[in-house]
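Asker: Okay, here's the structure, questions in a sec.
Residue numbers (this note's numbering), protein chains in the order written: chain A, 1 to 488; chain B, 1001 to 1488.
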């Protein structure tokens, strides 16, 4: 007869093997559903691509850009299909994400310059409160890695806006030499010329905190280096709460991929670049798992605006959406967006409206830091959708160009009061506005204004209420050396 | 001290619990990778939608059509992104799938009529060999459930073409009353009229085998009934090998959804219809699991041609692809395509070229039935991609309209020799052809012919070799009562 010890050993082995087998069996499986009993996730990572379009990921329909990590992230998390940025170009879009406010409120949009330039004198006002400021109030470690584009002078840099650490480029990767930027025409002509094929044409600096550490920034390796910096930040702060804002400066032109990716994508160089970002996202998620942080972190992936279509094959795709970067048609401002937090966010496709501004409010509430009450915050709290599978709070979306409302969405319907070529002078005003049902007609092909005066009336009232309370901030983008304003 | 029986009971309980827990833990997980040691799958199901576009599924990028079952099927199986049909309209596309041959070879395409009509006199020639004929040679049970559209007279029906059983409508769901079909203009005018809002306008019959059992076919419930018939067929043949060709006649207009789906999709009625098909696919896969057949069945989901864009909101979306049904631009002939067989097909996104014609050859080879050698078969065997993760055999794709080559793809490149409005008379010939790199430029926006005379030369040689061996079949579509030819 066997001894008690013998049986106990078998039982303990079975229990151990069971755990291991279960662990392996569950690894590639779907996340457990969120339940109210779960503790809140406490780390936050926002991964922000640059000029990547709605249609540029596999799981958003691109046929030849291979994005297995983002596809998997979407399957394990929430894939949002009506997620917007605060503006159709860089600077105001980034300001919106970081402050939770429409850029028209804080002067980060303008009728003179669409973005900040290397000869811009100002940046995001010091009086603005960023997500990083909010997280600092809760004792978080904070880092901005990647492209900033909210002012390159010291008082405007990330380290002056709530970030403990900054590593990245202060404005777009195509800026400096600045001559071609004097006018959009000059820029697009430059872009067609041979000159831009010289890598040294792009003299953008790489900074650590407030110091320039490399110039021009070596862009073939820049995505990889951002990823490595991010993984280091995660490791170094694994025992604290942290907020990481990781803003890749690609696939904005000029495009660069590292040796491991260049020439690999069937989509060409643009595909190489997106596939390297996809791989990087995979590495970030893997590092969370390695450090035991995947159950306590929310990761959001999105992009700053639609694809820069005038760049042809070097620009991305808005998929079935109309137009791209610079435009207030959907392709300019609707972006892929994936929320991932295996323990807390149940896999789903979300058709509710969300915006990057909502991250400010959602994350502030999650960490219990009050939303500033001395200013208008446009962000809404998306927690009910993310963690409880309930309907979202957002019913409207304002599409500003500069300091003017071009279009407004209320529920399913979007009215265009003004339309304009993204980079052309052809402005058309519409009275009555063009009207589209975006859920039925996401490509904005069938104007139904004539059939729905009631809906136009309803949208007009929303606009009226919005305008009545609007206090526009002073245009910060107008101040440039040499008074050389453009409108790229 | 505990007895031996006590410990044995604990051990046996642990083993049992372990199995149950493992089973549950694994259910939603990814499929096991295929290995050469696995037996071949032996049942085949082709699910064919009608007029559904490349962009109409969630996993192919649609923002508001919710297709969780097809999305999941794509995640568990192979999602093909360069998969084509043999023609951009119904009849020839279906002939291509069933015979593995370009429709120009068997007269199922024509310069006079684009498809068969209720007053057509002929159908798929009896001399043609279908996939069902091939499966019969291997002793399979075979069924065609859904839309046929290869001849409604007895000698052309599924039961004369290798199918044991037929349940469905013999041509499109908008045909009969046939008057408007005398000309495309008449048809599109009819479509805008009030008359078509009367459900009784559509007098299409529902058949079982060779008998009409209902007229007009009740289309609100038709998707559900096709699904039920399919599940019955699966159950009844669970102990045999079977081939099911399930051709839903929706989302071809007129659109109908059952009570459970009508009014539910944010995308409107078109979305309701696709969501009902998605739900049906879920039920088919579930029935395979219930009957223990999921490990021995290959299921393919695709559609017969691109979205019918002229139907506006009642037509689908080709996503980022150009144009739709009736066109030789990509939107007309590239389709979503998902292959699913959990035990045999490893999850992947496949960018290789495939066509519906390849199913004939692939399935014939899998069951060991020789490919007919007395005729040209255009299908190629996709097994190496499906089961071994190797590169696919197909390097080219011919885009015929009627009996003329309009475009040819060789590798990444597609040359358009002729382009035409899908339903208009505006024919343009191109010499040199328009040339696009489809992997880099899936939307066919940037003609690169001027830079690549070498590639055009190479494509010309492929066309020359193809033409040298082409023997066109007699046009079967030209024969109609009253000699009333149209070209819808």
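Glycine included, every Cβ here is placed at the ideal spot set by N, Cα and C.
Computed from a predicted model, the values in this text were never measured in an experiment.
To be precise: take each residue of the stretch 78-90 of chain A, compare its Cβ to all Cβ atoms of chain B, and keep it if any distance is under 7 Å. Which residues remain?
Answerer: 81 and 82
Asker: Of all Cβ atoms in chain A, is any one closer than 9 Å to the Cβ of residue 1443 (chain B)?
Answerer: yes
Asker: Can you tell which of A:438, A:101, A:308 and A:136 has its C-alpha closest to the C-alpha of residue 357 (chain A)?
Answerer: A:101
Asker: Express the C-alpha separation of residue 1391 (chain B) and residue 45 (chain A) in angstroms, rounding to a whole number.
Answerer: 37 Å
Asker: Are three or more beta carbon pairs between the stretch 119-134 of chain A and the stretch 89-100 of chain A nearer than 8 Å?
Answerer: yes
Asker: What distance in whole Å lies between the Cβ atoms of residue 158 (chain A) and residue 144 (chain A), which are believed to be in contact at a cut-off of 8 Å?
Answerer: Confirmed, Cβ separation roughly 4 Å.
Asker: Short of 6 Å in beta carbon distance, which residues of its chain neighbour residue 1093 (chain B), apart from the five on each side in sequence? Order them along the chain.
Answerer: Shown here for residue 1093 (chain B): same chain residues with a beta carbon closer than 6 Å to its own, the five before and five after excluded, namely 1085, 1086, 1087, 1304 and 1305 in chain order.
Asker: Pick helix, strand or coil for residue 1244 (chain B), following the three-state DSSP scheme.
Answerer: Correct three-state label for residue 1244 (chain B): strand.
Asker: Going by DSSP, what residue range makes up the beta strand (DSSP E) through residue 1432 (chain B)?
Answerer: Start and end: 1427-1437.
Asker: Distance, Cα to Cα, residue 1218 (chain B) vs residue 1169 (chain B)?
Answerer: 11 Å
Asker: Counting pairs of beta carbons, one from the stretch 209-223 of chain A and one from the stretch 231-241 of chain A, are three or more of them closer than 8 Å?
Answerer: no
Asker: Mark residue 1161 (chain B) as exposed unless 16 or more other C-beta atoms lie within 10 angstroms of its C-beta, in which case mark it buried.
Answerer: buried
Asker: Report the three-state DSSP secondary structure of residue 303 (chain A) (helix, strand or coil).
Answerer: strand
Asker: Establish whether the CB of residue 1066 (chain B) and some CB of chain A are separated by less than 9 Å.
Answerer: Answer yes: the Cβ-Cβ gap between residue 1066 (chain B) and chain A drops below 9 Å somewhere.
Asker: Report yes if the C-beta distance between residue 345 (chain A) and residue 82 (chain A) is below 9 Å; otherwise report no.
Answerer: no
Asker: When you compare only the Cα positions, how much space is there between residue 1114 (chain B) and residue 309 (chain A)?
Answerer: 36 Å
Asker: With burial defined as no fewer than 16 other Cβ atoms inside 10 Å of the residue's Cβ, what is the status of residue 1428 (chain B): buried or exposed?
Answerer: exposed
Asker: Counting only the same chain and skipping the five closest in sequence on each side, list residues whose C-beta sits under 6 Å from that of residue 1073 (chain B).
Answerer: 1338 and 1340
Asker: Using only the alpha-carbon positions, how far apart do residue 288 (chain A) and residue 366 (chain A) sit?
Answerer: 19 Å
Asker: Using a Cβ-Cβ cut-off of less than 7 Å, give me the residues of the stretch 293-322 of chain A that come near chain B, in sequence order.
Answerer: 312, 313, 317, 319 and 320
Asker: From A:200, A:425, A:430 and A:457, pick the residue whose C-alpha is nearest to that of residue 185 (chain A); which is it?
Answerer: A:425
Asker: Give the residues from the stretch 1265-1276 of chain B that approach chain A closer than 7 Å (Cβ to any Cβ), ordered along the chain.
Answerer: 1266, 1267 and 1268
Asker: On the criterion of 16 or more Cβ atoms from any shown chain inside 10 Å, does residue 1043 (chain B) qualify as buried, or is it exposed?
Answerer: buried
Asker: Contact between the stretch 1278-1292 of chain B and the stretch 265-285 of chain A: three or more CB pairs below 8 Å?
Answerer: no
Asker: Taking any Cβ of chain B, which residues in the stretch 416-445 of chain A have a Cβ under 9 Å from it, in chain order?
Answerer: 437, 438, 439, 440, 441, 442, 443 and 445
Asker: Closer than 8 Å by beta-carbon distance: list the chain A residues that pair up with residue 1351 (chain B), in chain order.
Answerer: 63, 64, 66 and 266
Asker: What's the call for residue 422 (chain A), buried or exposed, on a 16-neighbour Cβ count within 10 Å?
Answerer: Only buried fits residue 422 (chain A), as 16 or more other CB atoms lie within 10 angstroms of its CB.
Asker: For residue 1379 (chain B), is the classification buried or exposed, using 16 other Cβ atoms within 10 angstroms of its Cβ as the cut-off for buried?
Answerer: buried
Asker: What is the DSSP secondary structure of residue 187 (chain A), counted as helix, strand or coil?
Answerer: helix
Asker: Any contact between the stretch 1188-1200 of chain B and the stretch 1142-1156 of chain B? By contact I mean 3 or more CB pairs, one from each, below 8 Å.
Answerer: no
Asker: Quick check on the DSSP output: what are the complete beta strand (DSSP E) runs of length 3 or more inside the stretch 100-150 of chain A, in order along the chain?
Answerer: Whole beta strand (DSSP E) segments, 3+ residues: 141-146.
Asker: With 9 Å as the threshold, decide whether the Cβ of residue 33 (chain A) is near any Cβ in chain B.
Answerer: The pLDDT assigned to residue 33 (chain A) is 32, lower than 50, so where the model puts this residue is not dependable, and the model offers no usable value.
Asker: Kindly indicate the opening and closing residues of the alpha helix (DSSP H) around residue 1451 (chain B).
Answerer: From DSSP, residue 1451 (chain B) is part of no alpha helix (DSSP H); its letter is neither H nor E.
Asker: For residue 1263 (chain B) versus residue 1060 (chain B), is the C-beta spacing smaller than 9 Å?
Answerer: no
Asker: Answer with yes or no whether the minimum CB distance from residue 59 (chain A) to chain B is below 9 Å.
Answerer: At least one chain B Cβ lies under 9 Å of residue 59 (chain A).
Asker: Buried or exposed, going by whether 16 or more other CB atoms sit within 10 Å of the CB of residue 446 (chain A)?
Answerer: Answer is exposed; the Cβ neighbour count stays below 16.
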